[in-house]
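Visitor:
In the numbering used here, the protein residues as written are 704 to 822.
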(Lines of atoms letter the chains of each structure in order from A and count residues from 1; the text may use other names and numbers.)
(Lines give C-alpha, C1' and ligand atoms only; values in the text may rest on other atoms or scores of the structure.)
Protein backbone atom coordinates (compact mmCIF):
# COMPACT_ATOMS: atom_id res chain seq x y z
CA UNK A 1 0.00 0.00 0.00
CA UNK A 2 2.86 2.35 0.76
CA UNK A 3 4.01 2.24 -2.86
CA UNK A 4 0.56 3.28 -4.06
CA UNK A 5 0.48 6.13 -1.55
CA UNK A 6 3.88 7.38 -2.67
CA UNK A 7 2.86 7.37 -6.32
CA UNK A 8 -0.37 9.25 -5.58
CA UNK A 9 1.55 11.85 -3.57
CA UNK A 10 4.03 12.28 -6.43
CA UNK A 11 1.12 12.63 -8.85
CA UNK A 12 -0.58 15.26 -6.69
CA UNK A 13 2.65 17.21 -6.25
CA UNK A 14 3.48 17.27 -9.96
CA UNK A 15 -0.10 18.28 -10.75
CA UNK A 16 0.01 21.16 -8.26
CA UNK A 17 3.26 22.36 -9.79
CA UNK A 18 1.64 22.36 -13.23
CA UNK A 19 3.97 19.68 -14.58
CA UNK A 20 1.40 17.98 -16.80
CA UNK A 21 3.78 15.85 -18.85
CA UNK A 22 5.47 14.50 -15.73
CA UNK A 23 2.06 13.85 -14.15
CA UNK A 24 1.06 11.90 -17.26
CA UNK A 25 4.26 9.87 -17.03
CA UNK A 26 3.75 9.16 -13.30
CA UNK A 27 0.13 8.10 -13.88
CA UNK A 28 1.06 5.82 -16.79
CA UNK A 29 3.92 4.29 -14.82
CA UNK A 30 1.67 3.71 -11.82
CA UNK A 31 -1.04 2.08 -13.95
CA UNK A 32 1.53 -0.24 -15.51
CA UNK A 33 3.03 -1.12 -12.15
CA UNK A 34 -0.35 -1.90 -10.62
CA UNK A 35 -1.31 -3.96 -13.64
CA UNK A 36 1.83 -6.08 -14.07
CA UNK A 37 3.84 -6.02 -10.81
CA UNK A 38 3.07 -8.63 -8.16
CA UNK A 39 2.13 -6.29 -5.32
CA UNK A 40 0.71 -7.47 -2.01
CA UNK A 41 -2.30 -5.13 -2.16
CA UNK A 42 -5.96 -6.15 -1.94
CA UNK A 43 -7.76 -6.14 -5.29
CA UNK A 44 -10.24 -3.50 -4.12
CA UNK A 45 -7.41 -1.13 -3.23
CA UNK A 46 -5.72 -1.78 -6.58
CA UNK A 47 -8.91 -0.77 -8.37
CA UNK A 48 -9.20 2.39 -6.30
CA UNK A 49 -5.57 3.36 -6.93
CA UNK A 50 -5.95 2.67 -10.66
CA UNK A 51 -9.04 4.89 -10.73
CA UNK A 52 -7.06 7.79 -9.22
CA UNK A 53 -4.29 7.37 -11.78
CA UNK A 54 -6.70 7.06 -14.71
CA UNK A 55 -8.62 10.18 -13.73
CA UNK A 56 -5.37 12.13 -13.43
CA UNK A 57 -4.10 10.71 -16.72
CA UNK A 58 -7.23 11.53 -18.69
CA UNK A 59 -7.56 14.92 -16.98
CA UNK A 60 -4.08 15.97 -18.02
CA UNK A 61 -4.50 14.53 -21.51
CA UNK A 62 -7.72 16.47 -21.95
CA UNK A 63 -5.92 19.66 -20.90
CA UNK A 64 -3.34 19.13 -23.62
CA UNK A 65 -6.03 18.27 -26.17
CA UNK A 66 -7.71 21.56 -25.21
CA UNK A 67 -4.40 23.35 -25.79
CA UNK A 68 -4.10 21.88 -29.27
CA UNK A 69 -7.70 22.80 -30.10
CA UNK A 70 -7.13 26.36 -28.87
CA UNK A 71 -4.02 26.58 -31.04
CA UNK A 72 -6.15 26.08 -34.14
CA UNK A 73 -8.09 29.26 -33.32
CA UNK A 74 -5.03 31.50 -33.56
CA UNK A 75 -5.72 33.91 -36.44
CA UNK A 76 -2.55 35.95 -36.40
CA UNK A 77 0.54 36.90 -34.48
CA UNK A 78 -1.45 39.28 -32.27
CA UNK A 79 -3.35 36.30 -30.79
CA UNK A 80 -0.23 34.50 -29.53
CA UNK A 81 0.20 36.44 -26.23
CA UNK A 82 -3.46 35.92 -25.40
CA UNK A 83 -3.11 32.24 -26.23
CA UNK A 84 -0.11 31.85 -23.92
CA UNK A 85 -1.72 33.70 -21.01
CA UNK A 86 -5.03 31.87 -21.36
CA UNK A 87 -3.22 28.55 -21.56
CA UNK A 88 -1.22 29.25 -18.41
CA UNK A 89 -4.33 30.22 -16.46
CA UNK A 90 -6.46 27.34 -17.78
CA UNK A 91 -3.63 24.82 -17.42
CA UNK A 92 -2.96 25.68 -13.79
CA UNK A 93 -6.67 25.70 -12.93
CA UNK A 94 -7.13 22.26 -14.49
CA UNK A 95 -3.99 20.92 -12.81
CA UNK A 96 -5.19 22.22 -9.44
CA UNK A 97 -8.61 20.63 -10.00
CA UNK A 98 -7.01 17.30 -10.92
CA UNK A 99 -4.78 17.46 -7.84
CA UNK A 100 -7.78 18.27 -5.65
CA UNK A 101 -9.80 15.36 -7.01
CA UNK A 102 -6.82 13.02 -6.62
CA UNK A 103 -6.33 14.22 -3.04
CA UNK A 104 -9.92 13.50 -2.04
CA UNK A 105 -9.81 10.09 -3.72
CA UNK A 106 -6.49 9.37 -1.98
CA UNK A 107 -7.96 10.30 1.40
CA UNK A 108 -10.93 8.04 0.74
CA UNK A 109 -8.59 5.11 0.02
CA UNK A 110 -6.50 5.88 3.09
CA UNK A 111 -9.49 6.14 5.43
CA UNK A 112 -11.04 2.95 4.05
CA UNK A 113 -7.78 1.04 4.47
CA UNK A 114 -7.27 2.41 7.96
CA UNK A 115 -10.81 1.46 8.89
CA UNK A 116 -10.26 -2.10 7.62
CA UNK A 117 -7.05 -2.37 9.64
CA UNK A 118 -8.72 -1.36 12.89
CA UNK A 119 -11.72 -3.68 12.43
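C-beta: ideal position from N, C-alpha, C; glycine also.
Rounded to whole angstroms, what is the Cα-Cα separation between residue 767 and residue 805?
Guide: Looking up residue 767 in the chain shown gives position 64. Looking up residue 805 in the chain shown gives position 102. The straight-line gap from Cα to Cα measures roughly 18 Å.
Visitor: Give me the Cα-Cα distance between residue 779 and residue 793, rounded to the nearest whole angstrom.
Guide: On the chain shown, position 76 is the one that residue 779 refers to. On the chain shown, position 90 is the one that residue 793 refers to. C-alpha separation (whole angstroms): 21 Å.
Visitor: Cutting at 7 Å between CB atoms, please list the residues of its own chain near residue 710, excluding the five before and the five after it.
Guide: Here residue 710 corresponds to residue number 7 of the chain shown, with the count starting at 1. The answer, listed in chain order, is 729, 733.
Visitor: Using 8 Å as the cut-off, can you tell me whether the region 809-816 makes contact with the region 768-787, which would need three or more C-beta pairs spanning the two stretches below that distance?
Guide: no
Visitor: Once you ignore the five residues that flank residue 715 on each side, which residues in its own chain have a CB closer than 8 Å to its CB?
Guide: If you number the chain shown from 1, residue 715 lands on position 12. Once the five neighbours on either side are set aside, the close Cβ partners of residue 715 are 802, 805, 806, 809.
Visitor: On the criterion of 16 or more Cβ atoms from any shown chain inside 10 Å, does residue 759 qualify as buried, or is it exposed?
Guide: Locating residue 759 in the chain shown gives position 56, where the first residue counts as 1. It is buried - the Cβ of residue 759 has at least 16 other Cβ atoms within 10 Å.
Visitor: In three-state DSSP terms, what is residue 721?
Guide: Against the chain shown, residue 721 aligns to sequence position 18. Correct three-state label for residue 721: coil.
Visitor: As an exercise, report each continuous alpha helix (DSSP H) stretch of at least 4 residues that is fully enclosed by the region 732-801, in chain order.
Guide: Runs of alpha helix (DSSP H) with 4 or more residues, each lying fully within the region 732-801, are found at 746-774, listed in chain order.
Visitor: Beta-carbon separation of residue 787 and residue 764 under 8 Å?
Guide: Position 84 of the chain shown holds residue 787. Position 61 of the chain shown holds residue 764. Not closer than 8 Å, so no.
Visitor: Under a Cβ-count criterion, where at least 16 other Cβ atoms within 10 Å of its own Cβ denotes burial, should residue 785 be classed as buried or exposed?
Guide: Residue 785 sits at position 82 when you count from the first residue of the chain shown. By the neighbour-count rule (16 or more Cβ atoms within 10 Å), residue 785 is not buried but exposed.
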